[in-house]
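For the record, in the sequence shown the residue sitting at position 636 is 636 according to UniProt numbering, with numbers rising by one throughout. These notes are about the structure you will find just below.
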Amino acid sequence: MPDKLSSLVHEVERLITAPYAPSLQTLHEIIQNDSNGLVNSWATHKPCQIGALIDVLFDGLSRSRFAVPLLNAVVSAPAVSNALLERYPAVLDQFLEKALENDEPESMALCTAILSTPLPPTFIAPARLATFIMRLINEMRENPCSETIFPLYQVMTGLQPVPGVLLEISPETMSSLQVELTKTLRNLDDHMGNLLCLATFARISSSWDINVEREHGPQFPSWLQNVKHFFGQKRGLKTLDLVILRVILACSASCDNLAPKKAAESIRLAIEICDSVEQGQKDCWIANNASKIAKLCEKVNRNGIDWEVQMMGLTFLTSLLPDSALSPEIPRLALQELLTKERHLREAVPQYLIPRLVKANANLSGKPAICDLMNHIFATLKTRCDDHSADTKFMELPRSVLVGLQSVEPRILGSAMATYDLGEVSQTLNELTRIFPKKPRHSQCLGANFCYASTSNFANELLFDLIVFTSHMSLLGAMGSEASNPTGTSNLTDCLLKAKKLIAENKCSFTGFEPLDSRVKFSLTGLAKRGPTLRDDWRTGIAETLMLNSRMTHDNLIRKVEEVCFDLEQRCTTIEAPLRAVEDERDRIAVEAEQLQQQKSELEAQLQQASNTISQLQQEISHLETHAGSTSARVEELSASLDAARRELEDQRRNSQKTTNSEREKARTRELDLLASITEKDDQIEELEEETRDLKEDNDALRQTLDTVSKEKGTALEHTIAIKQDIVRLEECVEQGKLVLAQKHEEISRLQADQERINSNSEALQKKLDEEAAQVQELKAALQDAEESHRTEVNTLKKQYQSQISEITVEYTENKEEIKSLQAAMQVAASNATKELQAREKRIQHLERKVQQLREERALKAREFSEAQQHIGRLMSVMGFKPEPKEPKAASKQQRSRSTLGPSQAATIQQQTPQRDEDTQSQSENMLADSFASPTPQPERSPKRSRTTVADQDLRDSACQSQARPRRTRQALGEANRNSQSNSQRSNASQCTANASLQGTQNGPNWDENHLHDIDLDMDLEFSKDFIFTSTALSEANDHITPLRSQQ
């Protein structure tokens, strides 16, 4: 594109500066094989040469056959068309006369091209325009398709600024146009035809505005009313349905018969149609068709869509939907793509649609979007103003962005400017205003690809508009809440806009250049009128006469030569037409052969690339297999570690259960021994019950932690199994990919064989031209299909493979993190359990020491009691009390022996006691099971009276058992050993303490130790003196029971 533009610029400069009538063939060769984009780019870069080129082409209409095709190509640019009508107002009427009277197709195309651009408001329609439109309608009636409707759409586009012209055309002609276009709308198979018909109606409907109604009256012609029905309440919803379906079809992958350029053009037509529909109808349709809008959004954002089609689809959504129903991502994505793409890609979206994207983005995103767009404008201006080689094309996008920002609501602008960095804005504006107004680099742009004067004027205008907009924003930010009604800023804006007109405009030397004036002319001055002269001047007169005769002869000869050359050119054009056609056919065949050769080389390169891709995929597959193996090994290691941790937990649970059972038995025995002292310690028991309840809740929490750890382990195992299944599925996909690649390799080899056969038959191509051309077309289509299918399949395989690898990686990282968290939780739970067990063990040891101290005190009191009995006995003997006779003594002994229990009764009591112990133990086990079964038990405090009753009952049972035990015979005071009882009690106490400490060290940490019976181990034991002095047998029995327990 830049090379072609440079060639076009240099050729135009050669034509307009030639000192004679130049040949137009080179310019025709540059323009004929290119689209309108080249001409539009030239008109933007070199506006100073437009008038001069029009003069050259208009002057060459009588000399060259290339003048009319060149005019037809260049008038598609609006600036060229306006300059042509301004310089030669009658040119349209002249070409209409040739087109209608002489029936010249080139003149018809030229008239359509002149009318395809918006005409100036002061344009006066020629009388032949109605006949010309009728001719186009007749052509469309004979063959209703998009090719015949497009000229009518172009003509209505040109006549839109001058709607009064349509009233000057006969109503029959316009009614015929409306009827024929309505008939064409019924053919739903013609995609572009339907949209062109509706777009033509939209042009006609939008041209009739309020000013036209005020000028021509409110009464509409019948044909115009029928046209407006398509965009009003009668047919507006149906029009929107048809347009949306066409846009969805253009954006879908199933529309293969529509080229990307055509699809983008159809979406642009859809935008024009939707703009003409009434806003109420659009709101009603949007509210009732959310599914179609979602479908369109899905088609626009699909993978593999053409970039130009996607941009036009996003622009269509922005133009159709209001801000409340539009996602902020749609205009933001479109603007981001436009601002980051290259300049030739930005031309995909027309410049007049970019302000819509800017406005929607600013309204939806607010301050961030406005700040980003302002920074883009500042950066572009700062860069381009410093670069003197920058042309107007670079500043068109910032100009469109600024126009979009100017249409944003003042409320949003005020809120954005309130937080914007005004210091940075002021600094940037100061840097830009130093070179304002910008002067052109050179006064003449001869030899340059762009006009320096027009670029400077465009930059000055853009900078001035930016200064006005920034001032407006600053005032809105300073006004704050009053920004919704910015009446105070209008005066400043009007004053600045008036000052803009006072800026001097830079002019290029080519602006007023007249190419016809620069040509060399031989003017005939004629014979000068002379009076009578002297005879000595006859020689001078003869010389002048001969000179005039020679000049006249030379001019006549040159004119004849020109006529002969023009006649020869016309004859060569008519005679050499068949030869030229054969040459064109030869050139076309050569070009096709060259294209086939290029396609062959491209296919070979693609084959090599495919083989390289296959090798890379195989390497990646092997790498992934090794990675999968390492992953599976790691998973197995983690599962093994989890199994080991689970076994350790089971062992610890089993040990804790055993220790719990043993401690339960010990606690139960201690409970039976210590029930006598519970009556006076009710308050302390309640506190101990609360502590027990807290411990129970801690135990439940530990149990729940263990359950969660086991559940998390199960989920980790399930994730591991899912990862293994994904690896197997990946291996299957890889195998399928290998099979598909092998099939494609076979197809490529087959295509290579076909190509070799075509090369072998290339010698007979001239004789069998028609047959081979068809075969070449078929092979071309087959190669393109194979190439596209191969490319799509390889891309899909790559995407699937990458997505699966990413999923496996994510799952592996998640499993790894979960396993780490499980290990950390297990460690924390184990450490917490160890601390709890250590604390409980210390508490138990403390309680045992306290019990031992109480026992020692009880033994000391019993010893003092025995000593007091002995002392009383001595006192009685001293005081004279004598023992009774032997018979009563024997009787008393017999009575005493009878009062004692027999062996059978003692056995019965002993059986009842273990049975009661077993019942109590089973009851405690049931209570323990219930506590484990209910995760959060809520024990209630029993009444104090009931607990005292139970304690009294147990005390009576223990008293009965103590009375049922055999008493020891008393010894005399002299025979008694004072140290025997204390020594035995001390030895028993020490032995019990040693056994308890040994058993505590052997049991180790456990989980559920003292789960229910810690209440009995944390008591301050005190015995009343009455109980100690009433029974000495209980202490002796306890002294005998304690060594037995220590031995067990």
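Beta carbons are placed, not taken as given, at the ideal position from N, Cα and C, and that holds for glycine. These figures come from a predicted structure and were not determined experimentally.
In the same chain as residue 618, and ignoring 5 residues on each side of it, no C-beta atom comes closer than 7 angstroms to its own.
Relative to residue 10, the option among 445, 265 and 411 whose CA is nearest is 445. Comparing C-alpha distances from residue 262 to each of 233, 43 and 310 shows the shortest one belongs to 310.
In this structure the stretch 223-235 does not touch the stretch 250-258; the number of beta carbon pairs closer than 8 angstroms is below three.
CA-to-CA, the gap between residue 268 and residue 297 works out to about 17 angstroms.
The C-beta of residue 470 has 16 or more other C-beta atoms within 10 Å across all chains shown, which makes the residue buried. In this structure, 285 is the residue among 21, 266, 349 and 285 with its C-alpha nearest to the C-alpha of residue 235. Between residue 16 and residue 56 a beta carbon distance of about 6 angstroms is seen, short of the 8 angstroms cut, so the two are scored as contacting. About 6 angstroms separates the beta carbons of residue 826 and residue 709, which is inside the 8 angstroms limit, making them a contact pair. Rounded to whole angstroms, the separation of the alpha carbons of residue 27 and residue 108 is 22 angstroms.
Around the CB of residue 304, fewer than 16 other CB atoms lie within 10 Å, so the residue is classed as exposed.
Assigned with DSSP and collapsed to three states, residue 825 falls in helix. In the three-state scheme derived from DSSP, where H, G and I count as helix and E and B as strand, residue 255 is classed as coil. Taken in chain order, the unbroken stretches of alpha helix (DSSP H) that lie wholly in the stretch 144-178 and span 4 residues or more are 146-159 and 164-168. Here the alpha carbons of residue 735 and residue 723 stand approximately 18 angstroms from one another. Judged by DSSP secondary structure, residue 74 falls within the alpha helix (DSSP H) whose first and last residues are 67-74. Separation of residue 410 and residue 191 (C-alpha to C-alpha, rounded to the nearest whole angstrom) is 41 angstroms. In the three-state scheme derived from DSSP, where H, G and I count as helix and E and B as strand, residue 208 is classed as coil. Apart from the 5 residues on each side of it in sequence, residue 276 sits with its Cβ closer than 6 angstroms to the Cβ of 202, 205, 206 and 231 in its chain, given in chain order. Taking 8 angstroms as the cut-off, the beta carbon of residue 335 is found no closer than this to the beta carbon of residue 395. Sequence-distant Cβ neighbours of residue 740 in its own chain, meaning closer than 8 angstroms and more than five residues away, are 793 and 797. Two segments are said to touch when three or more pairs of C-beta atoms, one from each, lie closer than 8 angstroms; by this definition the stretch 159-177 touches the stretch 113-132. Annotation note: the stretch 279-358 contains the following uninterrupted alpha helix (DSSP H) runs of length 4 or greater, listed N- to C-terminal: 279-288, 290-300, 307-320, 329-340 and 343-346. Across the structure, residue 457 and residue 592 are spaced so that their CA atoms are roughly 47 angstroms apart. The alpha-carbon separation between residue 266 and residue 179 amounts to approximately 22 angstroms. Judged by DSSP in its simplified three-state form, residue 570 adopts helix. With fewer than 16 neighbouring CB atoms inside 10 Å of its own CB, residue 322 falls in the exposed class. Note on geometry: alpha-carbon atoms of residue 451 and residue 506 lie some 11 angstroms from one another. For residue 185, the number of other beta carbons within 10 angstroms of its own is at least 16, and it is reported as buried. Secondary structure note for residue 59: its alpha helix (DSSP H) is the uninterrupted segment 50-59. Around the beta carbon of residue 193, 16 or more other beta carbons lie within 10 angstroms, which makes this residue buried.
Going by DSSP, residue 266 is part of the alpha helix (DSSP H) stretching over 260-276.
It is roughly 38 angstroms from the alpha-carbon of residue 821 to the alpha-carbon of residue 665. If you compare the alpha carbons of 656, 290 and 782 with that of residue 699, the shortest gap goes to 656. In terms of Cα proximity to residue 378, the closest of 358, 362, 367 and 402 is 402.
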